[in-house]
Structures are given as structure tokens and as C-alpha cells.
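Peer 1: Sharing a structure, written as C-alpha cells. Questions coming.
Following this line, the structure appears as C-alpha cells:
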């Protein structure tokens, strides 16, 4: 009797979990919710991403524990007056001799070194850079009302900080995120042509 | 005679290339907000999600800002992404970063009332003998839970300072200030839109 009871129980358990008898279906969300730490401050925040996405948005980021003090930007402040331990430029020397050598035509190999210098000069004559193509569009397309404008001009300090937000004219209801992304693709195609 | 000719050619090359080619500046901002931001921006009790344009994290600019200025490389994305996230963390009680293209289902499932999407528009740099003006412009789109567009706006953050390159960390801090000003203006604008219920008409 005892033996048959054990066998019976074993068969019921093997058939599946008892609580699965209901018709309820719990669909698993395709996103993963997890907590990330801000790479600089260490403060946690919630992040959402697809389960197959393993990309780290802060990959290779080096933590710099320094909050900038903008008093440093005051023209009257000398270098070193305000303590600063943040990143500084690693002044890479670009040899002026490369340009000289190119002019003289001594060594063709140096041309590869000197080329970026020339390219940079050519690019900046338009005052742009990688985002330069967009700049004109911005000016042309900016319209509408200025909703929030902050013009920060600290009292005694000799520097100017500006921040302006301008609402864009048009009926925003006609666009969705997909439209925006499609717009980006079109812009990218146009710029590559 | 031959020697003096070579010398002249070299001097000419020197003049043409300018002092600009002597140095290259690789500019990484501290990528963190100043204490000033925390004084100016107060948190709003609001759930908000942020989705950044995929081009942002890798964004750089080689705009040296003047014909005679040294070559410069600005690592915009590397600094702007942490600054923006920190700004949103400060500005909104419930902040969510969305790392993949958001869907309507996702927003509904997690009860996200507002989705903010930010993409870069322009980076401007003006280097003069006296100083430097650097500015970063972005476009922001605000969506509701059903991915209907609520608002679209452009934001420019600028920092204009003198003797920047003469100071240790000067260009880095000036660059950081421009990015911070952009973030501050975006956060204040969104807070203002929510507080005044400007987006409420489109809310489901």
C-alpha cells in the first residue's frame, strides 16, 4: 500500500508541476531590466535592453573622480590656482618637419604623417569638423518659439556660459520614433553620396 | 648658394604650415557635472526614459576652430553620455536608460509616460588669440507611451572663456562646461514642460 502511494506520488510529480494546471500563460518580456552604475559617480540607475544585447555603453571608460570648478575658466585665474586632477591633453607632437620634408620632396613616406595636418587645415577652413555638415541644417531648420532660455553670465567672472533650447516648428504629432530613425538613415545616405 | 635656397624653402614651408602643426590636442572632458548643476537643477518626481542616438557614444570632432589653431580632437560622445545620464539622474526621480530601440510595448509594459530621444546636431569651436568658444547642439524628441511625438526641440550649450589653452586642463573644462550647459538646458526644458503640463494634451 505504502509502495503504491509513493509510486503514485512520483508519477504525479513527473507529469509536471501541480500549479501548472491553470490556463494562465506568463509571457516573458523580451527586455532585460538591470541596474547599472554610473561610470563616474557610481550612482545606480535602471537600464532596459534586449536580452541578446551585450554592448556596454561605457566600454573603456576610465573613471575620473574630479568635479570641474568653472572658476578655473575666469581669465584672472592662473593655471594651477584651482586644483585640477582631471584629464589633460597629451600634446602629441606633429612634426612640422613633415610639412617641410613634403615641400622639399625628400621622402614620400612622410606624406602619410603630414596628410592629416593638411586635411585638418582644409576641414577647418569651413569651421566645421565631423559635425560640420549638420551645422547649416541646424541654422536653417531652427524655428518656433524659444521655450526656455538660460543665459548664464556669472557676476564677477570673466567667462560666459550660454544654454538655449528652442522648440521646433511644425506638427510633432505626425512623427514617431520610426520616422525619426528613417530620417537619420536618409541623412546618412545623403551625406555619404 | 644652394644651401641658402634650401633654407628659404624650409622657412617658407614653416610659415605656410604655421605654428598650428606643432601640437595636437586630444581633448577628453572630465565627463562629470559640476557642483553648480546640483545647485541649479532640483529633482522632479517623474518617471522618464532616455534613449540615446546610437551615434552619440562614439562621437568625436576634429574641428580645430581657427586657421592658425593647433589640431584638436574633441571626444564628445565619451563625455556627453555620462554627463547626460548624470543630469537625468539628478533631474528626475525615476530615470530609466533604454539601450535598444524602444517599442510601444516596452513603454507600456514598464509604464513609462515619457521617452526622451537625443541626437547630435552640431559642434562648434572658435579659437582666437584671446580664448575659445565651444558649443554643442543637440536635437531632442519627446514621445509618450504610445510613441506619439509630444515635442521636438534643439538645445545649444556654450562656454566662452579666455586664456583657455594657457591653463592646465583649460580646454577640457571649457569643453565640459559646454556639454553641461546643454544638459542643464534640456533637463530644465523637460521639467518645465511636465510642470506646466504642456505635454499633457497629447498624453494618453
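Protein chains in written order, with this note's numbering: chain A, 470 to 662; chain B, 7 to 210.
All C-beta atoms in this analysis are idealised placements derived from N, C-alpha and C, irrespective of residue type, glycine included.
1) Within the 8 Å Cβ cut-off, does residue 134 of chain B reach chain A?
2) Any C-beta of chain B sitting closer than 8 Å to the C-beta of residue 654 of chain A?
3) Less than 8 Å between the beta carbons of residue 151 of chain B and residue 114 of chain B, yes or no?
4) Whose Cβ in chain A lies nearer than 9 Å to the Cβ of residue 86 of chain B?
5) Pop quiz: residue 40 of chain B and residue 536 of chain A are said to be a contact at Cβ under 8 Å. What is the actual Cβ separation, rounded to whole angstroms?
6) What is the DSSP secondary structure of residue 142 of chain B, reduced to helix, strand or coil?
7) Could you name each continuous alpha helix (DSSP H) segment of 4 residues or more that falls completely within the region 53-124 of chain B, going from the start of the chain to the end?
8) Where residue 134 of chain B and residue 632 of chain A are concerned, what is the direct C-alpha to C-alpha distance, given to the nearest angstrom?
9) Residues of chain B with a CB under 9 Å from the CB of residue 666 of chain A: which are they?
10) Can we count residue 85 of chain B as close to the ligand ATP, meaning its CB is less than 7 Å from some heavy atom?
11) Thinking residue 89 of chain B and residue 185 of chain B are a contact (beta carbons under 8 Å), I'd like their distance in whole angstroms, please.
12) Can you grab the Cα-Cα spacing for the pair residue 592 of chain A / residue 42 of chain B, in whole Å?
13) Taking Cβ positions only, does residue 418 of chain A come closer than 8 Å to chain B?
14) When the Cβ atoms of the region 189-208 of chain B are set against those of the region 170-178 of chain B, are three or more pairs found closer than 8 Å?
15) DSSP on residue 648 of chain A, reduced to helix/strand/coil?
16) Could you check which residue in A:659, A:637, A:634, A:628 has the C-alpha nearest to that of residue 542 of chain A?
17) Can you give the beta carbon distance from residue 646 of chain A to residue 108 of chain B, rounded, assuming they're within the 8 Å contact cut?
18) With a threshold of 8 Å on Cβ separation, who are the neighbours of residue 577 of chain A within its own chain once the five nearest residues in sequence on each side are excluded?
Peer 2: According to the data block:
1) no
2) no
3) yes
4) Correct list: empty, because the minimum Cβ distance to chain A is about 12 Å.
5) 6 Å
6) strand
7) 82-97, 110-115
8) 21 Å
9) Residue numbering for chain A in the displayed model covers 470 to 662; residue 666 of chain A lies beyond these limits and cannot be assessed.
10) With respect to the ligand ATP, the structure offers nothing, as it holds no ligand at all.
11) 5 Å
12) Reliability fails at residue 592 of chain A, whose pLDDT of 34 lies under 50, so the model's placement of it is uncertain and the value that follows must be treated cautiously. Computed Cα separation, rounded: 35 Å.
13) Residue 418 of chain A is absent from the model: chain A starts at 470 and stops at 662.
14) no
15) helix
16) A:628
17) 7 Å
18) Reliability of the predicted coordinates at residue 577 of chain A is poor, the pLDDT of 33 falling under 50, and no value is obtained from them.
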